[in-house]
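The next block holds one structure in the form of structure tokens; read it before the comments.
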DNA sequence: CTGAAAGCGCTTACAG
DNA sequence: CTGAAAGCGCTTACAG
């Protein structure tokens, strides 16, 4: 009993060393320890070295909770991915995983920690990171289908939190998004120059997210300029994206619609469309050309590989973080447009 | 000047309300506010209601940094994804994205926040979350190639941090991993029952990660039991995974190796192998059968779709968190084996 | 260049 | 059931 020095059960995890312990060992004051380890240029190199050695010897690490309490900064950026209710783990659009990966590294590069969460239904909606001082700012992205979630984050934003979103459900917020109009135009040109006479847009135009509407706008404009009539085939947003593509094609064929080209609102819809077309004996790209949007990985593996419009993801992430930082600093920043490029693959390359 | 009440620049962001402000408005003491909002059953419902109303009126939120400093708990679990050096943003094995998604939701479900980071080279390696009191525990996963990173996290673990890993570079750690041996056996049986006479394993057996060796062990055992000779084709780990598969097949063909079945260490290698086989005119599954491991999304889209061994990812995530929580509580926990199931698709279904 | 002291905003024994 | 008080471990004016 006497062996553990009267510490009882706490014997294994001894109490952590504090800056006072380091100060004592280094023979300086606690404030000097703090300054030395924070890299304050005012302390002499000699002192700093002594402090560092002492800290190392004691295996001392700064308790960031104390730092954060004292400074009011957390150096954390929260990232929320909004999922469809109940879809938390599966079936997430892989595009968001790539965007998330890029965002996490942009956050690291900016010297922050990323606090990530996937949120779906009301029970686990919580965007008040800044109110709780768990983060200095917030990046939100995810499916437009979850209306409830977006309403919650609109509230968060209106409460004065620093928040930037990917996409655009509400016009009056801080957004970063792809050049969807430009991408839509590219898609139309790709189809036209490959000789597709009757191309249609497969996607939603009534979605909460302006992105899809914008893609159609660009497509529509380029089609009209080429003397074509822009046609839109509305999808059923309650289905999975693959199934949206399949059922759209099913509908088009069964109603006898005349078409030989498809611009899908996203790659997954495009892949679903390809599946349905091929299942019914249509050849791609000979009979029908297909263009998607996003640049997801799977697009390279389908046969034929999917032609798509791909946003510059690293830049998208960088812009999100940059814009958020400006917001946190109370500065203006209006960079929000992420350029896209057309990736030509087999699915829309006739001849 | 007098208008902003002498607050100067701070006029826009007024000082946050504290529990003292709430106490004053509710007419109770600050300690009662703390208890009431923490849900301490000792406070009367009447008082709690009064406090809640006051808190709402003042738009009060608890400053978690103060809570964390006081309690010593953060209720945060850090998750680190180790990437190949320089590969931070792209080319990540998509399997890790799915696992990460599952882990994040398991962490949420357990009532913690997830602090996620992607780490690659020495400059941004930092696993000392617990030392800095930024998290209560740590989950590590990622590529076996990054030896430097794993060495770092070994140090972290040895410093006494609560840490659980996915995979198994070092035997003496807390791991959760797939039933790789069982999966390897399944793969062998799938190939054998489909009539493939000469199946080989394409993957590394010298990797830091025991997982790949285990997959070969299972494969090897089942092959021997069926009277076959287990053959292994070592890949070049410096290449991308797709390229590993391609170059392995190239080597097999060019050296005149006799084979009609491939069990690849992971799906991406399998897909690369399929690409090379098809480019050389081999038909899958007629001439060669291919089985992968992981169950990544792209496997469903390649043609023919990839037969694979898929770990139960939601369970994997749950086990990682469960094991970590046990570790944090100083309890023993030996659940670490994640069951796998065989997904039969076209790539290994002869006839 | 360094030190003494105040204070960030909570939780939690202790006392009643 | 509630209150007064101590203290978690830092940073940062202020003084020298």
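Protein chains in written order, with my numbering: chain D, 1 to 351; chain G, 1001 to 1351.
Where is the CB? At the ideal position from N, CA and C, for every residue including glycine.
Chain G contact for residue i (CB, 8 Å cutoff)
i                      : result
residue 297 of chain D : yes
Backbone CA spacing between residue i and residue j [nearest angstrom]
i                       : j                       : result
residue 95 of chain D   : residue 1142 of chain G : 20 Å
residue 80 of chain D   : residue 165 of chain D  : 9 Å
residue 1210 of chain G : residue 1167 of chain G : 7 Å
residue 1198 of chain G : residue 1290 of chain G : 12 Å
residue 1009 of chain G : residue 1015 of chain G : Annotation note: pLDDT 30 at residue 1009 of chain G (below 50); position unreliable, coordinate value reported separately. Straight-line Cα distance between these residues: approximately 12 Å.
residue 1032 of chain G : residue 73 of chain D   : 27 Å
residue 1066 of chain G : residue 62 of chain D   : 15 Å
residue 1345 of chain G : residue 1129 of chain G : 43 Å
residue 235 of chain D  : residue 276 of chain D  : 14 Å
residue 1027 of chain G : residue 1151 of chain G : 56 Å
residue 1328 of chain G : residue 1159 of chain G : 14 Å
residue 1057 of chain G : residue 1023 of chain G : 12 Å
residue 1102 of chain G : residue 1237 of chain G : 27 Å
residue 1114 of chain G : residue 116 of chain D  : 6 Å
residue 144 of chain D  : residue 315 of chain D  : 22 Å
residue 1225 of chain G : residue 1347 of chain G : 24 Å
residue 332 of chain D  : residue 163 of chain D  : 13 Å
Residues that residue i bridges to, as DSSP identifies them
i                       : result
residue 1310 of chain G : G:1341
residue 1177 of chain G : G:1337
residue 1201 of chain G : G:1232, G:1263
residue 1209 of chain G : None, per the DSSP bridge assignment.
residue 119 of chain D  : D:82
residue 163 of chain D  : D:138
residue 1147 of chain G : DSSP, once it has assigned bridges, lists no residue as partnering residue 1147 of chain G.
residue 114 of chain D  : D:77, G:1116
residue 1195 of chain G : According to DSSP, which records beta bridges pairwise, residue 1195 of chain G is partnered with nothing at all.
residue 1292 of chain G : G:1308
Contact set between residue i and chain D, taken where Cβ atoms lie within less than 9 Å
i                       : result
residue 1115 of chain G : 76, 113, 114, 115, 116
residue 1108 of chain G : 88, 117, 118, 119, 124
residue 1271 of chain G : 301
Per-residue burial, residue i [other beta carbons within 10 Å of its own, 16 or more giving buried]
i                       : result
residue 1020 of chain G : exposed
residue 1193 of chain G : exposed
residue 59 of chain D   : exposed
residue 123 of chain D  : exposed
residue 148 of chain D  : exposed
residue 321 of chain D  : buried
residue 41 of chain D   : exposed
residue 1324 of chain G : buried
residue 100 of chain D  : buried
residue 274 of chain D  : buried
residue 1335 of chain G : exposed
residue 286 of chain D  : exposed
residue 172 of chain D  : exposed
residue 39 of chain D   : exposed
residue 254 of chain D  : exposed
residue 1257 of chain G : exposed
Chain-ordered chain D contacts of residue i [CB-CB under 7 Å]
i                       : result
residue 1104 of chain G : 116, 117, 118
residue 1061 of chain G : 128, 131, 132
residue 1066 of chain G : 69
residue 1251 of chain G : Here the premise fails: no neighbours, minimum Cβ distance about 23 Å.
Contact set between residue i and chain G, taken where Cβ atoms lie within less than 8 Å
i                     : result
residue 94 of chain D : 1094, 1097, 1297
Interface flag, residue i vs chain D, CB-CB below 8 Å
i                       : result
residue 1292 of chain G : no
residue 1203 of chain G : no
residue 1101 of chain G : yes
Residue i Cβ short of 7 Å to the ligand MG heavy atom set
i                     : result
residue 75 of chain D : Looking for the ligand MG in the displayed structure turns up nothing, as the structure carries no ligands at all.
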